[in-house]
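When we follow my numbering, the leftmost residue of the sequence shown carries the number 42, and every step to the right adds one. C-beta: ideal position from N, C-alpha, C; glycine also. On a predicted model such as this, the values are computed, not experimentally measured, just so you know. For reference, the structure discussed in these notes is given below.
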Amino acid sequence: MGLALLGNQLSAEQAHEWGMIWQVVDDETLADTAQQLARHLATQPTFGLGLIKQAINSAETNTLDTQLDLERDYQRLAGRSADYREGVSAFLAKRSPQFMGNSMMINVQTVAVIGSGTMGAGIAEVAASHGHQVLLYDISAEALTRAIDGIHARLNSRVTRGKLTAETCERTLKRLIPVTDIHALAAADLVIEAASERLEVKKALFAQLAEVCPPQTLLTTNTSSISITAIAAEVKNPERVAGLHFFNPAPVMKLVEVVSGLATAAEVVEQLCELTLSWGKQPVRCHSTPGFIVNRVARPYYSEAWRALEEQVAAPEVIDAALRDGAGFPMGPLELTDLIGQDVNFAVTCSVFNAFWQERRFLPSLVQQELVIGGRLGKKSGLGVYDWRAEREAVVGLEAVSDSFSPMKVEKKSDGVTEIDDVLLIETQGETAQALAIRLARPVVVVDKMAGKVVTIAAAAVNPDSATRKAIYYLQQQGKTVLQIADYPGMLIWRTVAMIINEALDALQKGVASEQDIDTAMRLGVNYPYGPLAWGAQLGWQRILRLLENLQHHYGEERYRPCSLLRQRALLESGYES
42 MGLALLGNQL SAEQAHEWGM IWQVVDDETL ADTAQQLARH LATQPTFGLG LIKQAINSAE
102 TNTLDTQLDL ERDYQRLAGR SADYREGVSA FLAKRSPQFM GNSMMINVQT VAVIGSGTMG
162 AGIAEVAASH GHQVLLYDIS AEALTRAIDG IHARLNSRVT RGKLTAETCE RTLKRLIPVT
222 DIHALAAADL VIEAASERLE VKKALFAQLA EVCPPQTLLT TNTSSISITA IAAEVKNPER
282 VAGLHFFNPA PVMKLVEVVS GLATAAEVVE QLCELTLSWG KQPVRCHSTP GFIVNRVARP
342 YYSEAWRALE EQVAAPEVID AALRDGAGFP MGPLELTDLI GQDVNFAVTC SVFNAFWQER
402 RFLPSLVQQE LVIGGRLGKK SGLGVYDWRA EREAVVGLEA VSDSFSPMKV EKKSDGVTEI
462 DDVLLIETQG ETAQALAIRL ARPVVVVDKM AGKVVTIAAA AVNPDSATRK AIYYLQQQGK
522 TVLQIADYPG MLIWRTVAMI INEALDALQK GVASEQDIDT AMRLGVNYPY GPLAWGAQLG
582 WQRILRLLEN LQHHYGEERY RPCSLLRQRA LLESGYES
């Protein structure tokens with residue numbers, strides 16, 4: 042009453058307590074929190090939310106019949122939107138059948154985890170938290186102690202924050218049994234190996250497990266890219282061997298790739314899917330091919346960033362800002378490799394590259410190799426692409442153009458082409474600004490944009506300076522933060538996203554996984570704003586095909602070869618059938 046009648050002031054804390062504001066943050070975290078919220082909002086179904094807002098606003102003045110007709114029309118519009126297709130796909134992924142047969146079904150009570158590093162300890166925590174007795178195996182007693190202490194600290198943190206009761210924490214810790222004798226694993230119903238990412242080590246370990254464990258024990262590996270078929274090659278009853286690939290941190294990340302090798306029984310895959318669902322995870326099924334789903338489809342996100350860095354297109358922070366704030370990815374590719382560890386990311390890239398018989402699209406980066414050789418491994422070593430010992434400055438766009446170009450004649454010439462007086466602002470199709478300017482005999486600025494506030498531009502070298510400034514002024518007047526890079530075919534955002542979509546289509550065509558599971562894996566495993574196949578349908582198959590064909594022509598490399606399924610979808614999109 043005092044607020045309404047007397048205009049009394051209210052502190053932020055009091056307003057938060059009363060539910061009048063959503064969140065209170067301190068000065069130090071304000072910018073990061075605001076950016077995180079903005080990136081979250083950028084991935085929300087804005088079309089549907091806009092329809093809801095319009096419907097609510099109209100309800101105040103409409104009659105009931107008019108309002109019902111309006112909402113019916115809005116429902117039809119929403120049902121044809123990309124947001125709807127993506128949402129239905131995500132919903133069905135959680136509702137898909139999880140059982141097929143029962144000839145090898147066992148009741149998993151005891152879980153053994155081999156390796157007490159970050160992943161092993163995380164997986165052990167997940168299993169113990171869901172009621173399983175867990176045998177955590179490592180040859181080092183000291184490593185086991187560190188792992189158990191780490192799990193204890195994480196659980197205690199949840200107790201402190203009110204997310205877990207002290208009793209539940211205590212019961213979970215009691216289920217964890219550290220062991221240094223591999224023969225103790227004979228009591229396990231399920232073994233999850235999370236040791237060294239080397240095939241020779243895993244083959245020897247699984248051969249030993251086959252001797253130690255009963256024939257009905259399920260043997261799985263947390264490998265991120267090594268062939269399940271190769272690991273199971275010397276195992277008795279190889280039908281019980283599968284991949285169970287968790288993502289870091291295992292207690293937090295929802296995705297688990299359930300990977301079948303050549304001999305893996307279908308019912309083993311189904312039981313692992315059922316088990317991981319009971320652990321609160323979202324399983325996706327895939328066949329054993331290099332990188333499985335996520336580490337295969339995500340390779341272009343890193344490789345295109347390294348290529349841009351090698352070709353001196355832009356500074357690392359500009360490359361990251363373009364992908365993060367211009368396309369909605371949670372982190373830029375270069376900062377992400379620093380977080381993962383340059384050695385780890387480089388090793389996975391080399392593994393996939395060699396497994397695909399050195400296919401050029403998976404080519405490792407010499408720049409990244411130099412970082413690894415020099416010990417600049419990223420955040421864990423203090424130095425990587427970035428210096429993590431010092432506070433990093435936020436990327437700011439180009440200074441506001443102060444020239445007065447108003448009034449400008451602005452005309453939308455065609456899809457993706459805007460004429461600003463004598464300047465052509467063209468959305469990237471894979472050609473350089475210079476090539477377009479020469480062919481069209483006009484000043485050309487190429488723009489690279491998707492849904493984010495940040496856009497990147499490249500100007501033809503033959504442009505007068507005023508032409509480029511005019512384009513920058515126009516974009517800034519649209520509320521965009523503008524970053525300028527060197528003239529680069531396909532730019533940063535569209536080139537990278539097109540390559541990710543092309544790789545996802547190739548995986549789908551080769552039968553690695555279903556369309557639904559590929560999209561689910563990329564959304565949950567690496568937090569992409571959209572599943573790549575749903576994203577491709579939204580952006581347009583013809584434009585993606587045209588961009589990749591232009592890149593292939595520019596470089597003369599098979600790296601940018603469009604897969605045949607992309608050509609097929611582009612043809613169908615054009616309204617013709619082959």
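Environment of residue i [buried if 16+ CB atoms lie within 10 Å]
i, result
"ALA611", "buried"
"GLY383", "Note on identity: in this sequence residue 383 is Gln, with Gly being the wrong assignment. Flag for GLN383 reads buried."
"ARG16", "Outside the modelled stretch of the chain, which goes from 42 to 619, sits residue 16, for which no answer is possible."
"MET563", "buried"
"ARG348", "buried"
"THR104", "exposed"
"GLY142", "Caution applies to GLY142, whose pLDDT of 43 falls short of 50 and renders its modelled position unreliable; the model cannot decide the point."
"ASP379", "buried"
"ALA482", "exposed"
"SER392", "buried"
"SER144", "Residue placement at SER144 is poorly supported in this model, since its pLDDT is 48, which falls under 50; the coordinates still yield a value, given next. SER144 should be labelled exposed."
"LYS322", "buried"
"PRO484", "buried"
"PHE140", "Its pLDDT being 43, under 50, PHE140 is placed unreliably in this model, and the coordinates cannot settle the point."
"ASN504", "buried"
"SER615", "exposed"
"ASN386", "buried"
"PRO448", "exposed"
Any non-hydrogen atom of the ligand COA closer than 7 Å to residue i Cβ
i, result
"ASN98", "Looking for the ligand COA in the displayed structure turns up nothing, as the structure carries no ligands at all."
Where the alpha helix (DSSP H) through residue i begins and ends
i, result
"HIS594", "582 to 596"
"LEU612", "605 to 614"
"TYR115", "105 to 120"
"THR390", "383 to 396"
"VAL310", "307 to 319"
"GLN525", "Counting along the chain, GLN525 falls outside any alpha helix (DSSP H), though it belongs to the beta strand (DSSP E) covering 522 to 525."
"LEU546", "534 to 550"
For residue i, the nearest candidate out of the options (CA to CA)
i, options, result
"ILE269", "VAL451, VAL299 and THR186", "VAL299"
"PRO290", "PHE247, GLN50, GLY158 and PRO219", "GLY158"
"HIS171", "VAL200, ALA194 and CYS210", "CYS210"
"SER266", "ASN278, TRP320 and ARG337", "ARG337"
"GLY156", "GLU112, LEU226 and GLY91", "LEU226"
"GLU238", "THR264, LEU109, VAL464 and LEU260", "THR264"
"LEU92", "THR206, ARG113 and ALA501", "ARG113"
"GLU440", "LEU407, ASP456, ILE147 and GLN525", "GLN525"
"ALA512", "VAL486, ASN386 and VAL503", "VAL486"
"VAL253", "ARG212, ALA153 and MET294", "ALA153"
"MET491", "GLY520, GLU614, ALA476 and ILE534", "ILE534"
"LEU586", "ALA363, GLY531, PHE397 and VAL553", "GLY531"
"PRO570", "ALA355, MET372, PRO292 and ALA235", "MET372"
"ALA368", "GLN150, GLU311 and THR522", "THR522"
"SER443", "ALA478, TYR515 and GLU166", "TYR515"
Residue i, enclosing beta strand (DSSP E) - first and last residue
i, result
"PRO324", "323 to 328"
"ASP489", "485 to 489"
"VAL495", "495 to 500"
"ILE62", "From DSSP, ILE62 is part of no beta strand (DSSP E); its letter is neither H nor E."
"VAL451", "451 to 455"
"GLU298", "296 to 301"
"VAL464", "464 to 468"
Interface flag, residue i vs chain B, CB-CB below 8 Å
i, result
"ALA162", "You won't find chain B in this structure, because it holds only one protein chain."
If we count Cβ pairs, one from each stretch, closer than 8 Å, do we get three or more for the stretch 487 to 498 versus the stretch 553 to 565?
Counting Cβ pairs under 8 Å, fewer than three are found: no touch.
Note down, one range per segment and in chain order, each alpha helix (DSSP H) of at least 4 residues found wholly within the stretch 213 to 239.
Here no run is fully enclosed.
Per the contact definition of three or more C-beta pairs closer than 8 Å, is the stretch 320 to 339 in contact with the stretch 295 to 311?
Contact between the stretch 295 to 311 and the stretch 320 to 339 is present: three or more C-beta pairs spanning the two stretches fall below 8 Å.
Counting only runs that start and end within the stretch 155 to 222, where is the beta strand (DSSP E) found for 3 or more residues in a row?
Those beta strand (DSSP E) runs which fall completely within the stretch 155 to 222 and span 3+ residues are 174 to 178 and 217 to 220.
Assess, as a yes-or-no matter, whether the stretch 526 to 545 is touched by the stretch 569 to 586 under the definition of 3 or more beta carbon pairs within less than 8 Å.
Flag = yes, the stretch 569 to 586 and the stretch 526 to 545 touch.
Sufficient close CB pairs (3 or more, under 8 Å) joining the stretch 183 to 200 to the stretch 229 to 248
The answer is no - the stretch 229 to 248 does not touch the stretch 183 to 200, with fewer than three Cβ pairs under 8 Å.
Is there contact here, the stretch 342 to 359 with the stretch 463 to 474, by at least three beta-carbon pairs under 8 Å?
Because the criterion of three Cβ pairs below 8 Å is not met, the stretch 342 to 359 and the stretch 463 to 474 do not touch.
Does the stretch 352 to 372 come close enough to the stretch 423 to 438 to have 3 or more Cβ pairs within less than 8 Å?
The stretch 352 to 372 is in contact with the stretch 423 to 438.
Counting only runs that start and end within the stretch 423 to 449, where is the beta strand (DSSP E) found for 3 or more residues in a row?
The stretch 423 to 449 contains no complete beta strand (DSSP E) run of 3 or more residues.
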